[in-house]
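Chains as they are written, first to last, in this note's numbering: chain G, 1 to 397; chain X, 1001 to 1397; chain B, 2001 to 2397; chain H, 3001 to 3397. Each remark here refers to the structure printed beneath this line.
4 protein chains.
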Amino acid sequence: MKTLNVAILGTRFMGRVHSNAWSQAPKFLPGGIAPVLKVACGQDAGGTATFAANWGWQEASTDWRAVIARDDVDIVDIALPTHLHHEAAIAAARAGKHIFCEKPMAVSLAQAQEMHDTARAAGVVHYLNHNYRRLPAVMLAKRLIDAGRVGRIFHWRGAYRQDWIVDPAFPLTWHLRAETAGSGPHADLNSHSVDLAHFLVGDIASVSCMTASFISERPLAGSGSATFSAGSIDARKGPVTVEDAALMHVRFENGAIGSFEATRFANGRKNQNTFEISGSDGSIAFDLERMNELEFYDHRVAAGERGFRTILATDPSHPYMEHWWPPGHIIGYEHGFVHAVADVLAAIDHRQAIRPDFADGVRVMRVLDAGLRSARTGQRVAVGPTEGVGAAATAGA
Amino acid sequence: MKTLNVAILGTRFMGRVHSNAWSQAPKFLPGGIAPVLKVACGQDAGGTATFAANWGWQEASTDWRAVIARDDVDIVDIALPTHLHHEAAIAAARAGKHIFCEKPMAVSLAQAQEMHDTARAAGVVHYLNHNYRRLPAVMLAKRLIDAGRVGRIFHWRGAYRQDWIVDPAFPLTWHLRAETAGSGPHADLNSHSVDLAHFLVGDIASVSCMTASFISERPLAGSGSATFSAGSIDARKGPVTVEDAALMHVRFENGAIGSFEATRFANGRKNQNTFEISGSDGSIAFDLERMNELEFYDHRVAAGERGFRTILATDPSHPYMEHWWPPGHIIGYEHGFVHAVADVLAAIDHRQAIRPDFADGVRVMRVLDAGLRSARTGQRVAVGPTEGVGAAATAGA
Amino acid sequence: MKTLNVAILGTRFMGRVHSNAWSQAPKFLPGGIAPVLKVACGQDAGGTATFAANWGWQEASTDWRAVIARDDVDIVDIALPTHLHHEAAIAAARAGKHIFCEKPMAVSLAQAQEMHDTARAAGVVHYLNHNYRRLPAVMLAKRLIDAGRVGRIFHWRGAYRQDWIVDPAFPLTWHLRAETAGSGPHADLNSHSVDLAHFLVGDIASVSCMTASFISERPLAGSGSATFSAGSIDARKGPVTVEDAALMHVRFENGAIGSFEATRFANGRKNQNTFEISGSDGSIAFDLERMNELEFYDHRVAAGERGFRTILATDPSHPYMEHWWPPGHIIGYEHGFVHAVADVLAAIDHRQAIRPDFADGVRVMRVLDAGLRSARTGQRVAVGPTEGVGAAATAGA
Amino acid sequence: MKTLNVAILGTRFMGRVHSNAWSQAPKFLPGGIAPVLKVACGQDAGGTATFAANWGWQEASTDWRAVIARDDVDIVDIALPTHLHHEAAIAAARAGKHIFCEKPMAVSLAQAQEMHDTARAAGVVHYLNHNYRRLPAVMLAKRLIDAGRVGRIFHWRGAYRQDWIVDPAFPLTWHLRAETAGSGPHADLNSHSVDLAHFLVGDIASVSCMTASFISERPLAGSGSATFSAGSIDARKGPVTVEDAALMHVRFENGAIGSFEATRFANGRKNQNTFEISGSDGSIAFDLERMNELEFYDHRVAAGERGFRTILATDPSHPYMEHWWPPGHIIGYEHGFVHAVADVLAAIDHRQAIRPDFADGVRVMRVLDAGLRSARTGQRVAVGPTEGVGAAATAGA
């Protein structure tokens, strides 16, 4: 069997999830290429060695530039904090490596555009990991929409709600500083929702946005603080330089309207990524906290028998599920990443494009960027077309 | 027992609901005043007589001005289409009658302000029927918030979704014409949500709004078409002159942010009036389609035991429920109106104010008006303070 | 319009619910007969007079035998504690009155059989108020089953769960004594579920039953203690002589199997009357606490699109709902009684039978009686056919 | 690090799930022992070699007796059809191997007892894989019960509902023949529920049981038919010799009562393993199809604020979850097996017992056996104490 060598950059939360995906994909969704977990790259030597040993990476390194330059690396998996994506992706593309890049794409639209242009010019496969597209229930939504079961779409509502920084004692991690994260939940969470809206509804023409900050300064995080946990805490405080919540209203090019909410202050909502789509022939609703379920309202059913039905997307006929367990045996968060790895490997194998790619990432960044400009001025902002990229929703997954 | 004579203006949907409330209130929530169902006033003599006989009104009339002028009428219940509220309310106030007025208050802010000023000057009790305040679950939400159980409020989301005009063959009833309805779901549905937001969160400082029209013309409705039904349909078409959906983002004066959605194009959502409030110490969620339930997330519960709990608000300890059935025996839509009638009678009896009153109605109209201006310009709009009226949420119900 | 005079016996919980139904039915579901609320009959003169005045009964009485004997009474509504049903119903039947009788039918099968035989011989209309048949969602379930949408039925599960006597300090009301209640939740709650099973599935061939007692003695209730509330409490205790919970397994004559649970010790379940039916072509689930909803799984839908759908049974096409509010505006517990009154009046008007009648009541009592015998011996017990009565489910409502 | 060599017997559904668990456990829940995936054992050489290569087993074999006898095998994982458990387990125990054995334990109580006695005498660690104990939400239920949060338990209801053989064309796989499966859903599904009842409530004193057969014969399955799928189908039919559904009522030794339903004919319920426990101080409900959630009703909360709360058991404070993802990122079906493997390795490492073990398995088999006897006679049957085994629920996990 053909093999390709993978290097992963990043050993925190996303490093773990990606490592698991590289390991699980060939077992559950074997294809024409077997990935070799070649080298893991982290900040400190000891931690990276432990990480590599635990997850089955053959080697460990702390020099990501050197790793990218290695001849025996075919695929670079970028699982770094957002502000490092740009440099790593451009280096990987220039070195002719295929790229599996975590979202949000970059800290600015300009960075994202350059990443896209470079990867495109290099002719490598570039995948941007808006992972929620590849949940079976979300793919089922796409299938229903493409089959015309929802009809003309009137409404999109995307809301991504978390509550992990409600406590004012939560420290100032990299997520809360503009220089490392670009923006707050607008980047982290709205990016997911905008990609799903592109995927399921289509391109966005204009945006109104409102952001809010609820807690203006926080304890400084000690070094080594991991994602979603406090690490050691410094007694001093520093300013939070990203928003705590971001709301958007949009008009799609097809005439639908949409709303977005991204917040880390929705007490009780841990990772509630929801969307609801209303159309002339049906409606669809999804909630990540119950990610194996899709709600579908079929307006064509006889009057008196209509209602939102809960489809448990665990049948072999549901996307990806033939590879997992029997009906009713649910899958979890990490499985979407496994699907992504399998699809990226298949794309490389068949020399095909994969979506979402860097063009889709730029498309998302344009909307987010328009949103931030709207938030500053209070004025609705038009989103220009994304150069060299087709329409969002008409392309397959 | 003291009695007061009531006249009702309007015999359609709201005429029925109000008539039922005047009949049921003294049976289930008897107080110091017994209402006498004196006279019902409609458009055609025959229909009004039938209506009066059915609902127990002693007399029928088609001359609402004459009815208001009658010495033996103490309370005027205005259950007319929106554009008739202004004239009727001002006449009633000038005649010294207490007023029970259906929402939306009027077709313009100016009308609403004049209604308020006139009623206030007349010294009559004036009640504006934002009926959802008086559901037990909503009152329970208010009780929890006032007791500090939600803490500092970060987020409000109000969404009122219906689907009764998704079919393009639905005719051009009065609800779909600006001259009779003022606006569309923005007036009809956002008015409910804004009042609830005022009640539960507080005053709104600024608004961004986006509206949408999905179906631009519809079959002309024949005469006599009733609410929510088509009546006879004319082959000709006419333009829909109100929006089909309206989205708002707001900033509250207390720093919270909010979103509103009002639509008649949410396929599958029949009367889904929902809100969710996120605060530093808890969160609350409500859905009118399950109106006996309140979702409450109590952040003060021990870690590991937290979750949204479904409180079935049917215990005797819940607001109004001691007057109804044993625990678990739910009540329906019309019961909120019964509570309103009982509370209005008590207010008259004890010479107290009642909320929401015309000042609350003006407060809502100011937000809606700001919203429409924002929708036209794409610019965020400030909402000025409502003259002569205290803060929204701090006043009792 | 034709009128008939009604006498109600009983002024407690059921007296209130029935009075409301007699008042509301002609307003919301007017038919060929207008009921006249002639006389209310209770235990004490003062309380009964107040009750009558409140609910619109023209007269009050404390002598129910005299009331039944009155020439100007056409319909007798029996809303008394269970042990008084037998004597009142037989007297009413012998006096040629139509009967609207609350469930459970009687304290013994023998009593029930005699009530049935006497009413049948008298040729009066006799209605036994298993009220939950007449909820729109339940009627919709019946409609779906009759239309073959569920196919061959494999499973019935009925569970009626309450928690109002979990507290050991709850007093020894009439519900907890065998001489007044017959049995406990087996009579009160399983009677509802068995009637629904008869209605929706068919006759029951055999029964296994297990009962349990969790709290063996309770404070004596003072006089005047009302249903579901403690009244004044005596310091002394007395023995609870009915079961606290009753479980049944049954085999239906059509080969389906069923389970029943009736309990007053299901902490947190206030009035959770649920059923779930599994068939070869579909399944149905219902929960009284969300009584406007019906869950329907349609196996004939394409694979991959199947799921339980929540039908909000509030459309005009749903049973009874054209008489109430627009779609999505839910109704409450008491509305089923209003439907029953309207249907009883129509049955009298058209000289038709109505279901459930005393024959249906006997059918239920036979199953409950078999259950109690099984509980005593631990042995499965056959249920004999009910004489002079057709099959349960094939007859219309 | 210490390593132990594992041999797995069985390469179908459970072979896959167990293989995944042996692979994932050391990555996510690393402990003192690293398992080496030594050898996989299946029926045919080619398929087994492929299986071994896919899942990382170093060797493949078709001779399970030889595999068990190997000196370099420390742990034997029995993932075979039920009727093969007995011989394999006894051979493994006699060879001094630790045993990880899939449920149901055996096709008869006598077999199970012998397996237990042999393993105990051999002094090996023996684990019986009632895997649902090790879901975080179920462990949380146990934690709440042990902390007294539910109080005195009144009710247990366990229902395990599937629908995979509703179609009469589904073939006669080994699950549907008594000689290979022992019994039907009574063995397969009630075994899970009874183990959970033992874990959460306690020992069962007596049982009433009713079974049903809905489809008496089915197409013969071709050779090689896998679990939950039809394989090649023979035109001839053969008799189904296990029940299609099994209902039980039980009395626990502590006075609680319980019900069990196990069925493969619950159309629309794919893998709905639910339980609900009612106690004097609270109640708990669980549904495997939403296995990351636990419903908890806390009766000690203030009146008016009580309700079932949905605890999303994904916080680091929840059992096992510190090893997975951040809050709100759910896990799936297979994760329970991963936890089991980690705990078995820890038990071996620390020379401690692990629960459920073969004694727990015998305890379950005694109840199931009593159930089958009750089903045959229609008589309630006492369950004797399980020799040499302490009480079910008081022991830790």
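Don't be surprised by glycine CBs; every beta carbon is placed ideally from N, CA and C.
For residue 3265(H), does the three-state DSSP call read helix, strand or coil?
As a first step, residue 3265(H) is located in the fourth sequence; it is residue number 265 there, counting from the start. Residue 3265(H): coil per DSSP, three-state reduction.
Could you check whether residue 211(G) and residue 243(G) sit closer than 7 Å to each other, using their CB atoms as the reference points?
On the first sequence, position 243 is the one that residue 243(G) refers to. On the first sequence, position 211 is the one that residue 211(G) refers to. By the CB criterion at 7 Å, residue 243(G) and residue 211(G) fall inside the cutoff.
Please go through the same chain and pick out, in chain order, the residues whose beta-carbon is closer than 7 Å to the beta-carbon of residue 2144(B), but skip the five residues on each side of it.
Residue 2144(B) sits at position 144 when you count from the first residue of the third sequence. The answer, listed in chain order, is 2150, 2284 and 2296.
Which first and last residues belong to the beta strand (DSSP E) in which residue 77(G) is found?
Here the question's residue 77(G) lines up with position 77 in the first sequence. For residue 77(G), the enclosing beta strand (DSSP E) starts and ends at 75–78.
Using a Cβ-Cβ cutoff of 9 Å, what residues of the region 3248–3277 of chain H are near chain B? List them in chain order.
If the cut-off is 9 Å between Cβ atoms, the region 3248–3277 of chain H has 3248, 3249, 3250, 3251, 3255, 3256, 3257, 3258, 3259, 3261, 3263, 3265, 3266, 3267, 3268, 3269 and 3276 near chain B.
Hey, does residue 1005(X) have any beta-carbon neighbour from chain B nearer than 7 Å?
For the purposes of this step, residue 1005(X) is identified with residue 5 of the second sequence, where counting begins at 1. For residue 1005(X), the answer is no, since every Cβ of chain B falls outside 7 Å of its Cβ.
Alpha carbon to alpha carbon, how far is residue 3306(H) from residue 2262(B)? Give it in angstroms, no decimals.
Working through the third sequence from its first residue, we reach residue 2262(B) at position 262. Working through the fourth sequence from its first residue, we reach residue 3306(H) at position 306. Taking the straight line joining both Cα atoms gives about 22 Å.
Does residue 1377(X) pass the burial test, meaning 16 or more other C-beta atoms within 10 Å, or should it be called exposed?
In the second sequence, counting from the first residue as 1, residue 1377(X) sits at position 377. By the neighbour-count rule (16 or more Cβ atoms within 10 Å), residue 1377(X) is not buried but exposed.
Between the Cα of residue 2089(B) and the Cα atoms of 2026(B), 2118(B), 2317(B) and 2013(B), which residue gives the shortest distance?
In the third sequence, residue 2089(B) corresponds to position 89, counting from 1. Out of 2026(B), 2118(B), 2317(B) and 2013(B), 2118(B) has the C-alpha closest to the C-alpha of residue 2089(B).
Near-chain X residues of the region 285–308 of chain G (beta-carbon distance less than 8 Å), N- to C-terminal order:
The residues in question are 297, 299, 306, 307 and 308.
Keeping to the same chain, check which residues put their C-beta closer than 6 Å to that of residue 1280(X); ignore five residues upstream and five downstream.
Taking the first residue of the second sequence as position 1, residue 1280(X) is located at position 280. So the list reads 1151 and 1152, once near-sequence residues are dropped.
Output, in sequence order along the chain, the residues in the region 12–23 of chain G whose CB is closer than 9 Å to any CB in chain H.
Of all residues in the region 12–23 of chain G, the ones placed with a Cβ closer than 9 Å to any Cβ belonging to chain H are 13, 16, 17, 19, 20 and 23, in chain order.
Is it buried or exposed for residue 3289(H), if we count other Cβ within 10 angstroms and need 16 for buried?
Here residue 3289(H) is taken as the residue at index 289 of the fourth sequence, counted from 1. By the neighbour-count rule (16 or more Cβ atoms within 10 Å), residue 3289(H) is buried.
When you compare each of 2025(B), 2176(B) and 2174(B) to residue 2346(B) by their alpha carbons, which one comes out closest?
Taking the first residue of the third sequence as 1, we reach residue 2346(B) at position 346. The shortest Cα separation from residue 2346(B) among 2025(B), 2176(B) and 2174(B) belongs to 2025(B).
Between residue 2155(B) and the rest of its own chain, which residues show a CB-CB distance below 6 Å, the 5 nearest in sequence each way excluded?
The residue you call residue 2155(B) lines up with position 155 of the third sequence. Annotation for residue 2155(B): 2278 place their beta carbon closer than 6 Å to its own, counting only its chain and skipping 5 residues before and after.
Identify every residue that forms a DSSP beta bridge with residue 1237(X).
Residue mapping note: residue 1237(X) aligns to position 237 of the second sequence, counting from 1. Looking at the DSSP assignment, residue 1237(X) forms a beta bridge with 1219(X).
Min CB distance residue 377(G) to chain B below 7 Å:
The residue labelled residue 377(G) in the question sits at position 377 within the first sequence. Output row for residue 377(G): interface = no.
Could you spell out the range, first to last residue, of the alpha helix (DSSP H) harbouring residue 45(G)?
Counting from one through the first sequence, the residue named residue 45(G) turns up at place 45. Judged by DSSP secondary structure, residue 45(G) falls within the alpha helix (DSSP H) whose first and last residues are 45–55.
Mind checking the region 1310–1342 of chain X against chain B and listing, in chain order, the residues whose C-beta falls within less than 9 Å of any C-beta there?
Cβ contacts with chain B: 1312, 1314, 1315, 1316, 1324, 1325, 1326, 1327, 1328, 1329, 1330, 1331, 1332, 1333, 1334 and 1335.
Identify whether residue 226(G) lies in helix, strand or coil by the three-state DSSP scheme.
Start at 1 with the first residue of the first sequence, and residue 226(G) comes out as number 226. With a pLDDT of 45 at residue 226(G), under the threshold of 50, the modelled position of that residue is not reliable, and the figure given next carries that caveat. It is coil, neither helix nor strand.
Along the region 1029–1056 of chain X, what residues have a CB closer than 9 Å to any CB found in chain B?
Identification of residues in the region 1029–1056 of chain X having a C-beta nearer than 9 Å to some C-beta of chain B yields 1030, 1054, 1055 and 1056, given in sequence order.
Along the chain, where does the beta strand (DSSP E) that runs through residue 1210(X) open and close?
Here residue 1210(X) corresponds to residue number 210 of the second sequence, with the count starting at 1. Unbroken beta strand (DSSP E) run through residue 1210(X): 1204–1212.
My understanding is that residue 360(G) touches residue 163(G), with C-beta atoms under 8 Å, so please give their C-beta distance in whole angstroms.
As a first step, residue 360(G) is located in the first sequence; it is residue number 360 there, counting from the start. As a first step, residue 163(G) is located in the first sequence; it is residue number 163 there, counting from the start. Going by Cβ atoms, the distance from residue 360(G) to residue 163(G) rounds to 29 Å, so no, they are not a contact pair.
Closer than 9 Å at the beta carbon, the chain H residues around residue 2154(B):
The residue given as residue 2154(B) occupies position 154 in the third sequence. Within chain H, 3166, 3212, 3214, 3244, 3245, 3263, 3265, 3266 and 3267 have C-beta atoms less than 9 Å from the C-beta of residue 2154(B), given in sequence order.
May I ask you to list, following chain order, the residues of the region 3172–3189 of chain H that have a beta carbon less than 9 Å from some beta carbon of chain B?
For chain B, none of the residues of the region 3172–3189 of chain H brings a beta carbon within less than 9 Å of one of its beta carbons.
Between 3048(H), 3293(H), 3217(H) and 3189(H), which lies nearest to residue 3140(H) when the distance is taken from Cα to Cα?
The count along the fourth sequence starts at 1 and reaches residue 3140(H) at position 140. Out of 3048(H), 3293(H), 3217(H) and 3189(H), the CA that lies nearest to the CA of residue 3140(H) is found in 3293(H).
Residue nearest to residue 2027(B) in terms of C-alpha spacing, selected from 2341(B), 2059(B) and 2311(B):
Residue 2027(B) sits at position 27 when you count from the first residue of the third sequence. Just measuring C-alpha positions, the residue of 2341(B), 2059(B) and 2311(B) sitting nearest residue 2027(B) is 2341(B).
Below 8 Å on C-beta distance, what does residue 3103(H) contact in chain G?
Here residue 3103(H) refers to the residue found at position 103 when the fourth sequence is read from its first residue. None at all; the shortest Cβ gap to chain G is about 15 Å.
Taking a cut of 9 Å between CB atoms, which residues from the region 1087–1112 of chain X lie near chain G?
Listed by position along the chain: nothing, the set is empty.
According to DSSP, simplified to helix, strand and coil, what is residue 1058(X)?
In the second sequence, residue 1058(X) corresponds to position 58, counting from 1. In this structure, residue 1058(X) counts as coil in the three-state DSSP scheme.
Could you pull out every residue in the same chain whose Cβ sits closer than 7 Å to the Cβ of residue 368(G), ignoring the five residues on either side in sequence?
Counted from its first residue, the first sequence places residue 368(G) at position 368. Closer than 7 Å at the Cβ level, and outside the excluded window around residue 368(G), lie 186, 187, 190, 191 and 194.
Three or more C-beta pairs below 8 Å linking the region 1057–1073 of chain X and the region 1037–1044 of chain X:
The answer is yes - the region 1037–1044 of chain X touches the region 1057–1073 of chain X, with three or more Cβ pairs under 8 Å.
Span separating the alpha-carbon of residue 1339(X) from that of residue 1046(X):
Taking the first residue of the second sequence as 1, we reach residue 1339(X) at position 339. Taking the first residue of the second sequence as 1, we reach residue 1046(X) at position 46. Near 31 Å, if we compare the C-alpha coordinates of residue 1046(X) and residue 1339(X).
Nearest-angstrom Cα separation, counted from residue 258(G) out to residue 122(G):
Within the first sequence, numbered from 1, the residue matching residue 122(G) stands at position 122. Within the first sequence, numbered from 1, the residue matching residue 258(G) stands at position 258. Cα atoms of residue 122(G) and residue 258(G): separation of roughly 36 Å, rounded to the nearest angstrom.
Which value, in whole angstroms, describes the spacing of the CA atoms of residue 2208(B) and residue 3209(H)?
As a first step, residue 2208(B) must be located in the third sequence, where it is residue number 208. As a first step, residue 3209(H) must be located in the fourth sequence, where it is residue number 209. Residue 2208(B) and residue 3209(H): Cα-Cα distance of roughly 9 Å.
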